[in-house]
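Going by the working numbering, the sequence shown opens with residue 12, and the numbers climb by one from there. Note that beta-carbon positions come from the ideal geometry of N, C-alpha and C, so glycine has one too. Remember, predicted model here, so these are calculated numbers, not experimental data.
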Amino acid sequence: MTADRRDTLIQALADASGELIRVCDDAGDGPLLVETDQGAARRQVRIRRPDGSDGWAVLSEATFQVGSEQHRVAVLHDASEDLQAREQLRRLSLVANATDHALLLLDERRRVIYANPAFTDLFGYTMAEIVGRVPTEVLEGPNTDREALARLRQRAASGESFHDEFLARDKSGRDILVLISVSAVFGSDGTVGNIVLVMEDITKDKQIETLRREMLEALTSAASLRDVGDFLCRRVEALAPEVVCSFILVDAERKLRPLSAPRLPAAFSAAIEGADIGPCCGSCGTAAYRGEPVQVTDIYSDPLWAPFLDLGLPPHLKACWSSPIKARSGRVVGTFAFYYAENRGPSPWHEQIVATCLHLCMIAIERHEASEQITRLAHFDPLTGLPNRTRYHQDIDGQLREAAGDNVAFFFLDMDRFNDVNETLGHSAGDQMLMEVALRLERLFHGGDSVYRFNGDEFLVVLPVCAAERAAAEAQRMLAALSEPFDLAGVRLAKSASVGISLYPENGRDGETLLQHAGAALSEAKKTQRGTIHFFSPEMDAVLQQRLRLGNALREAIAGDALELHYQPQLTPGTLALHGVEALARWTHPTLGRIPPDQFIPVAEETDQIEAIGTWSLGEACRQLARWRALGISIPSVSVNLSALHFRNSALPGFIAGVLERYGLPPQCLTVEITESIMVDRGGRTLETVQAVRDLGVGLSMDDFGTGFSSLSNISRLPISELKIDRSFMQHFDDDGHAKALVRAVIGIGQSLGLDVVCEGVETEPQHNFLEELGCSVVQGYLFSRPLTPDGLIAWMTERGGPAPAPATH
């Protein structure tokens, strides 16, 4: 049919219908659909409707004879919707056939009527093998969860659309974990007609998820870094049996330190121990040097491996792909490598495994470094690097056993009028002087194992096989060395030192007694004449007796309710919203006056009164909190310090519950602060008591974290809700990178374990800002407020105004 003839017919139809229908100028003829011998034809044409929209129509024309007259009839039918439906179906078919997700279409009897090619690729069944069958008859295997399968069928029958995991079986009998999406197609009567199943293979994703979970569990255990590395390599080799795995550390000197390679010969790992990284150092050394993955597909011809071919690598290993492990700072801290028994590179599955392992290795290494840093700072003085008091108590029993009856001399010394240096030249000059003192003592005794730094300017030297005569001579050497002028802040300053000496076994048979007696001798030396030496004598027992008298006075003060509590605010960084208060014991004696906590608390511990103080503090703090609340003063929570002795008493949880009930307080408003010494107090029911207290809903805070028996494994097992960073780490915070590293590590540990982190001793705004940036939960210190009386706290709150207190949660 000609175009003119077509237009004439369309116009005639338009005239007859009274509507404007015209063929678009650019329509052209569509494909010829039907043409018969009698001349009838159907053809697609493009039309424009009265509303201006374009569409497609089917033009049908037929010729017939009536008598001698020949007639033509034309019918124009708008077929736009039909054509769109056919086109949509064609596109959907393309999508179903092209997608990499397995797809099944079920009829109303829940039998398969269509399966796409991805289904065949995943499960091995062809269309002919699956059509007409119920999917579970084919895909259910011996390891399929029957209860989960029943739930899946029930939900599908209800017409619900949902996602679920399903352990299926392929044609070969292999288990495949799939994520299945079920969608119902409803008929016109509202009943479920067809069901569409879309399945995605998540087997490998689940394996990676399991690997990640198991590794994180290993990282929270007490396992060493080497044990964690062995575990990771063996798990990876189980996921990909065709690879041999290697995990190597790179130390601060940029040397290789093999950590784990279970299937490589130990001789090979030993041969590369301490090797420098560089541009031509095998796959691992080169990857560490470049900071990028290195793929060697032929070890025996690649020049990168030339220096390492004679070091004992098994000859069947022909290729190696190594990736650098980078810390968050970007520093390369290790490598993770795959060895292959054929000339090849990594598969996508290998790349997925390694991407996960690099992150896990980085966490493991950083956790190890943080743990070592915490351990070091807990046992060594961060300023001088000398062992501290904690380390002394760990060392001394062994040193006395080694003495085997020989004399051991204890020299307790400090610098005379050291505070004058801090006050006149500043604390940085004082720190410089302490570092120089430590250096001079180490030079005298050829190593720091016998030299300790305690608080402030106090140092202890322990010398074995040293009787009184030699001790006097050694003390003179110390005084001579420390009398040499110090160059401090541009000032040449001469100072003197005083030394107190006690001798084992004459003056005591245990480390604590000998330390006390050396301290008493030092006090006597400073009283009589500074810059001198004093040996402990029985007369100095009078000083110790004075401490006993103080202990008796303290006992009377507790019995007579003469102690009082002051409260130091704890604030949220940034907003400075009140998080809570810490209750701190204070004592003013009628004749002795105000006695600082650092004097009466040690006496309380020595005279077994610390438990009584804690019990009183707990009751008084709750009473005061209830009184504040009765007055309409919103204090979210109060923290009370309890010693490890309290937790040896199984009645403690009941006592706390009784106090809270007596004053009508919810348990979340109370936090009990415990010290790290509880970690080594494993006798009796201590840990059961700790758990029982936590089960009340009371918060548990690990006080002075990092100064004692820190252990990530112990922390993860204790039911604590809060870590408290000791104030000692803030003393040199502004100019000590190690202190900042520790604080950063502790905050990171707390965040990873879901714990609040409280930093006490905050005294400067830069410290506050730094803690806020790290995400520290709570800050406390003189920058915000000193400990206050109850009325003083009310006045402080009234004066500062500001944001409302935040509710306490544990």
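- Boundaries of the alpha helix (DSSP H) around Lys537: 522-539.
- In the DSSP assignment, Leu804 falls outside any beta strand (DSSP E) and within the unbroken alpha helix (DSSP H) covering 801-811.
- Of Asp767, Val123, Asn652, the smallest CA-CA separation from Pro584 is found for Asp767.
- Non-local beta-carbon contacts of Asp321 in its own chain, meaning distances under 7 Å to residues more than five positions away in sequence, are absent.
- Residues Pro276, Ala278, Phe279, Ala282 of the same chain have their beta carbon placed closer than 7 Å to that of Gly323, with the five preceding and five following residues left out of the count.
- When the alpha-carbon of His370 is set against those of Phe391, Pro357, His390, Phe347, the nearest one is in Phe347.
- Under the three-state reduction of DSSP output, Asn780 falls in the helix class.
- By alpha-carbon distance to Pro325, the top candidate from Ala573, Gly765, Ser439, Val255 is Val255.
- Per DSSP, the continuous beta strand (DSSP E) segment holding Arg597 begins and ends at 589-600.
- Secondary structure note for Gln443: it is in no beta strand (DSSP E), and the uninterrupted alpha helix (DSSP H) holding it is 438-456.
- DSSP, reduced to helix, strand and coil, places Phe547 outside both helices and strands of the structure shown, so it counts as coil.
- For Leu671, the enclosing alpha helix (DSSP H) has its first and last residue at 663-673.
- When only Cα atoms are considered, Thr131 and Pro153 end up about 21 Å apart.
- The residue from Tyr136, Thr214, Arg605, Ile805 with its alpha-carbon nearest to that of Ser645 is Ile805.
- Annotation: the continuous alpha helix (DSSP H) that includes Asp706 extends over 697-706.
- Note: Lys329 is not bridge-paired with any residue in the DSSP secondary-structure output.
- With a threshold of 16 other beta carbon atoms within 10 Å, Ala249 falls short and is exposed.
- Judged by their CB atoms, Asp714 and Asn652 are nearer to each other than the 8 Å cut-off.
- In this structure, Cys368 sits near Leu243, with a CB-CB distance shorter than 8 Å.
- Bridge partners of Met210 according to DSSP: Ala113, Ile191.
- Counting only runs of at least 3 residues, the stretch 282-352 fully encloses the following beta strand (DSSP E) elements, listed from N- to C-terminal order: 305-307, 330-337, 343-351.
- Here the C-alpha atom of Leu565 lies approximately 43 Å from the C-alpha atom of Phe497.
- Residues of the same chain with a CB within less than 7 Å of the CB of Pro730, apart from the 5 flanking positions on each side, are Val701, Gln702, Arg705, Leu711 in chain order.
- Each residue's CA atom was taken as its position, placing Ala338 and Leu315 some 25 Å apart.
- Here Leu504 is bridged, per DSSP, to Phe497.
- Gly135 counts as exposed, since fewer than 16 other C-beta atoms from the protein chains shown sit within 10 angstroms of its C-beta.
- Between His657 and Pro393, the C-beta gap is not smaller than 8 Å, which leaves the two residues out of contact.
- Taking every protein chain shown into account, the CB of Lys538 has fewer than 16 other CB atoms within 10 angstroms, so this residue is exposed.
- Ser739 sits in a helix when the DSSP states are folded into three classes.
- Between Arg53 and the set Gly63, Ser64, Thr74, Pro61, the nearest pair of CA atoms involves Thr74.
- In its chain, beyond the 5 residues on either side, Lys215, Ile219 have a beta carbon closer than 8 Å to the beta carbon of Gln363.
- The way I'd put it, the stretch 112-127 does touch the stretch 195-211; three or more beta-carbon pairs between them come closer than 8 Å.
- As DSSP reads the structure, Phe465 sits in no beta bridge.
- Judged by beta-carbon spacing, Leu576 lies within the 8 Å limit of Ser628, meaning their Cβ atoms are closer than that value.
- For Lys266, the secondary structure class from DSSP, reduced to helix, strand or coil, is strand.
- For Gly152, the secondary structure class from DSSP, reduced to helix, strand or coil, is coil.
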